[in-house]
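These notes concern the structure reproduced below.
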Amino acid sequence: MIQSQTALAAACLVLAACAPSAPAVGRFDEPAVDATGADIPAGADPDACYGRDVRPAVIETVTERMPVAAVRPQAATAYRVVRRERIVRERQDLWFRTPCPDAMTPDFVAALQRALAVRGHFDGPATGTADAATARAVRAFQRETGLDSSVLSIAAAKRLGLVAYDRAEALGQE
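This is the structure:
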């Protein structure tokens, strides 16, 4: 009896090991960086690449007790509960410049991984492959400055030392 239970448990473990693992799911599926210029903000440089972070609207539900007119003057005041929703912050589309896909070479990605590791956001080998761990590290680094996206922004790449500041930026004239 015990041998058959052991065999059954072993068979279950073998079958469980063959099952596909759950996919890694982020906050949203990040949009790909647009290098074609088809999906860019109005007035933007058509030769640059852009990413977008969509910040959802913040809505709060307000619950109030409203007095109901008394049926008799001496009766206790009755209340009804009124609930309404109020938009605290509107939905926002935040566009930001990104390195174009042709700049994301294995050497650039490896340098990105090393820069994120030095800052405590990436804990793996610098493989030069833009994998899920790299995307999580980019999101964690950028979240510190208010951009909740795993798509690397030019501003973050500059702070990491991967993209040079232009002269006006370096001198604070921009």
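Read left to right, the sequence shown gives residues -24 to -1, 1 to 150 (mature numbering (1 follows the signal peptide of the UniProt record, and there is no 0)).
Idealized CB from N, CA, C, for every residue including glycine.
- Per DSSP, reduced to three states, the secondary structure at V85 is helical.
- Setting aside the 5 residues that flank it on each side, V34 is surrounded in the same chain by I63, V64, R65, each with a C-beta closer than 8 Å to its C-beta; the list follows chain order.
- Going by DSSP, R73 is part of the beta strand (DSSP E) stretching over 68 to 74.
- Collapsing the DSSP output to three states places P43 in a strand.
- For I16, no beta strand (DSSP E) encloses it, and the DSSP letter there is neither H nor E.
- For R115, no beta strand (DSSP E) encloses it; the enclosing alpha helix (DSSP H) starts and ends at 108 to 119.
- The beta-bridge partner set that DSSP reports for Y141 is empty.
- L88 sits away from D29, with the two beta carbons spaced by 8 Å or more.
- The beta carbon of R41 lies closer than 7 Å to those of Y55, V57 in the same chain, with the five residues before and after it left out.
- R115 is the residue among P82, R115, G96, R135 whose C-alpha sits nearest the C-alpha of S126.
- Counting only the Cα atoms, R143 lies some 30 Å from A106.
- For D29, the secondary structure class from DSSP, reduced to helix, strand or coil, is strand.
- Counting the other Cβ atoms within 10 Å of the Cβ of V94 gives fewer than 16, which makes it exposed.
- The residues G104, in chain order, have a CB closer than 8 Å to that of D83 in the same chain once the five nearest residues on each side in sequence are set aside.
- Contact check for A113 against A102 fails: the beta carbons are separated by 8 Å or more.
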